[in-house]
DNA sequence: TTGAAAGCGCTAACAC
DNA sequence: GTGTTAGCGCTTTCAA
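Protein chains in written order, with this note's numbering: chain A, 171 to 527; chain B, 171 to 527.
Take a look at the structure:
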């Protein structure tokens, strides 16, 4: 049979290639094309732009693909077309559950458009960031999504020089490297102070991770609190209790203990994450402090568990999913040659009122 | 000056390339080589195997790199060398915090060896898995790390045919596709039953996510419980209370309520995740049930918060970090041409005794 | 609608 | 130690 002979010939080709020098992979587009009796470029078109070939050719190519189990080499395609369909995402760490939603939404939205996400962890100190950036740029992704804004001029220059679309997230700045999807940490701090003040709180404090963004929220919170005439713990210059990032439940417990020593009469605490807030609630319960009657708590993140706590946790909701999917859309648009009309996007935040305040 | 002329010439080259047809990227290895006055391959060696070139050449190439800001195109390198230094990781979802540690350890360990991680989310139903697999294989990663074992024969065949090293994780099977790093869910179920029995518990139940692995743990738990003479809730055939995966704190609360209706006299509950256990503890506290006096709880995962709960949570510890770093080592070894001596690795588990039982 | 030629930017293999 | 040659597997451009 003709068809069998062809297949045998192609298999022989592959085997020969494997032996002769480099042990190169399996079937290639050329093999598929040969089997289908067309030129490689035609097979390529059948796979990438099926509308551009005749029904007959399409069918023959599809048959050849099925027969061989051919999977296109996207590396080669990327090299030739200058489109890698790869997007890099850089987070400080995965384990603070804050960025998870964003990475998840990013991955899902991009996967729907045929892109894959490459993950990078920078750590909270930006030391590894430069090396990471080179590793990323070297792969020529179609986009880079960064958590936080880029401070190092070195990194900014490299990003700019690469010409790769960049989305900075989880923060706001008038001078982004390229595009931006975030919200204002300062406004959150101020809004929380205002909220607690409106609820009649008089002596407030913050338990805050000591990463840069949390500190800015805590500072804004303290300044607004003072402006509104609320009292802060006085024993120290720092108006907040700082714990190491990423924040944990244990930090929340020890944070409350420390806070109560410094200022036993506080009536509200702003925690820089819901996990901290949960720790605080557990510690409060263990020490017989009633929430919200004796002490009000407000967290940040609106993690999935927050609504189900006892009492349900009042918190600042940040829509991590929207950040991820917006960033994905920005990158996809750019990568398809469209320019993004409004490349700076403030997604804001919402204070979710529940029973803990 | 000679040097400046050279640089100008090279820049002119790049500009010409950009105009003439394809708007190709920035500096290439050829430009760097030209600037350094050596052949491209020599520049390549200076970058990849610095020991293989003279000090003089090395210095000249490094100068040229610094001058141009050249970042090697790893896509092209991968195509030529058949080594992508990319590893794919597939998880059902990122948001159950169980797999986070694994992904984190994988990313970190691989980054140390110059590899990047590509992330894929398969969802708990394996429908998207086949498409995802093709997208992954198409990028010719040097390794694929899967969460769970691969059941679909279709997927197994494709993985095998690809010739890419595969590590299946978070489970055990005598017939892995390739390599395996995991533990036995059946043994966990049995061990927990045994543990509760040893603690004098008589009427036990399980609250379990309804994903495949959790169900197997719950089943093994129930069977062992019966064998040991403990009572299970009787109203239903299912010996456990199933909640939708991924498990949440809210599920834990509602799970306990449901369980208490069916069997008000239970004295111990095995939760398929620490998050469920936390929900159960919160619900118990809200209903005035004392833990562990009236009801003992054991979770699974030993998440970072578990030790800090009130009471601290007894749980089954699974070393997600070890799974990730072992998988990474397996892949690195393979990808360096070494064969992995013992490619099936049972990392086991530990019951961490705390106060909740 | 299809194809031939010419690369994408790099490295393996084999000289020198 | 360094260079020459010839691809890796695909897509672009241009011609038929």
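Heads up, the beta-carbon is just placed ideally off N, CA and C, and yes, glycines get one too.
Query	Result
Exposure label - residue 396/A; buried when at least 16 CB within 10 Å	exposed
Per-residue burial, residue 265/A [other beta carbons within 10 Å of its own, 16 or more giving buried]	buried
Spatial neighbours of residue 340/A in its chain, beta-carbon cut-off 6 Å, leaving aside the 5 residues before and after	317, 318 and 352
Below-7 Å beta-carbon distance, residue 439/B vs any chain A residue	no
Complete beta strand (DSSP E) runs within the stretch 354-415 of chain A (minimum length 3 residues, chain order)	374-379 and 410-413
Min CB distance residue 418/B to chain A below 7 Å	yes
With 16 other Cβ atoms within 10 Å as the buried cut-off, status of residue 506/B	exposed
Beta-carbon neighbours of residue 264/A, restricted to chain B and to distances below 7 Å	270, 273 and 274
Partners in chain A for residue 531/B, counting only beta-carbon separations shorter than 9 Å	Nothing about residue 531/B can be reported from this structure: the residues present for chain B run from 171 to 527 only.
Cα-Cα separation between residue 364/A and residue 510/A, rounded to whole angstroms	35 Å
Uninterrupted beta strand (DSSP E) stretches inside the stretch 291-324 of chain A (no shorter than 3 residues)	313-317
Residues from the stretch 440-453 of chain A in contact with chain B, defined by Cβ distance under 9 Å	445, 448, 449, 452 and 453
Residue 370/B burial status per 10 Å Cβ neighbour count (16 or more: buried)	exposed
C-beta atoms of residue 276/B and residue 259/B nearer than 7 Å	yes
According to DSSP, residues forming a beta bridge with residue 239/B	Its beta-bridge partners do not exist; DSSP assigns none.
Closer than 6 Å: residue 371/A CB and nearest the ligand NAD heavy atom	Ligands displayed in this structure: none; no statement on the ligand NAD is therefore possible.
C-beta neighbour in chain B for residue 471/A, strict 7 Å	no
Beta carbon proximity, residue 474/B to chain A, threshold 7 Å	yes
CA-to-CA distance, residue 246/B to residue 254/A, given in whole angstroms	11 Å
Positions along the stretch 226-253 of chain B whose CB lies within less than 9 Å of some CB in chain A	239, 241, 242, 243, 244, 245, 246, 247, 248, 249 and 252
Touch test, the stretch 460-470 of chain A against the stretch 424-439 of chain A, Cβ-Cβ under 8 Å, three pairs minimum	yes
Beta-carbon contacts of residue 524/B that lie in its chain and below 8 Å, excluding the five residues immediately before and after	476, 477, 481, 482, 483, 484 and 485
Test item: CB-CB of residue 445/A and residue 419/A under 7 Å	yes
Stretch pair the stretch 489-504 of chain B + the stretch 329-346 of chain B: three plus CB contacts closer than 8 Å	yes
Secondary structure of residue 276/A, DSSP reduced to three states	helix
Within-7 Å CB hit, residue 183/B to chain A	no
Residue from 375/A, 400/A and 385/A with nearest C-alpha to residue 368/A	400/A
Nearest-angstrom Cα separation, counted from residue 391/B out to residue 361/B	8 Å
Chain A contact for residue 307/B (CB, 7 Å cutoff)	yes
Best match in 413/B, 348/B and 398/B for proximity to residue 378/B [C-alpha to C-alpha]	413/B
Segments of 3+ residues assigned as beta strand (DSSP E) that fall wholly inside the stretch 468-527 of chain A	484-487, 514-516 and 520-522
Secondary structure of residue 446/B, DSSP reduced to three states	helix
Test: residue 432/A CB closer than 7 Å to a CB of chain B	no
Beta carbon proximity, residue 310/B to chain A, threshold 7 Å	yes
Proximity to residue 217/B [Cα-Cα], best of 287/B, 199/B, 207/B and 320/B	199/B
Min CB distance residue 300/A to chain B below 7 Å	no
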